[in-house]
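Visitor: After the structure tokens below, expect a handful of questions from me.
Residue numbers (the working numbering): 181 to 233.
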């Protein structure tokens, strides 16, 4: 299943529109973060994995 949604992110006082695309399959659970993620995004891997389960 493919989904696309829009979210937002802040950097300093600026706000940015973020496009999020997902694709779910009945296989081994995994996910990939692409782009230029900072440390806060890298640390969210455990939270995202728990939310998917």
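By construction, the Cβ of each residue, glycine as well, lies at the ideal position given by its N, Cα and C atoms.
All of these numbers come straight from a predicted model, not from anything done at the bench.
Look up residue 183 in the DSSP assignment and give the residues it is bridged to.
Guide: 202
Visitor: In whole angstroms, give me the CA-to-CA distance for residue 196 and residue 207.
Guide: If I take the Cα positions, the gap works out to 33 Å.
Visitor: Suppose contacts are defined by Cβ-Cβ distances below 8 Å. Is residue 221 in contact with residue 213 by that definition?
Guide: yes
Visitor: Out of curiosity, what's the CA-to-CA distance linking residue 210 and residue 182?
Guide: 15 Å
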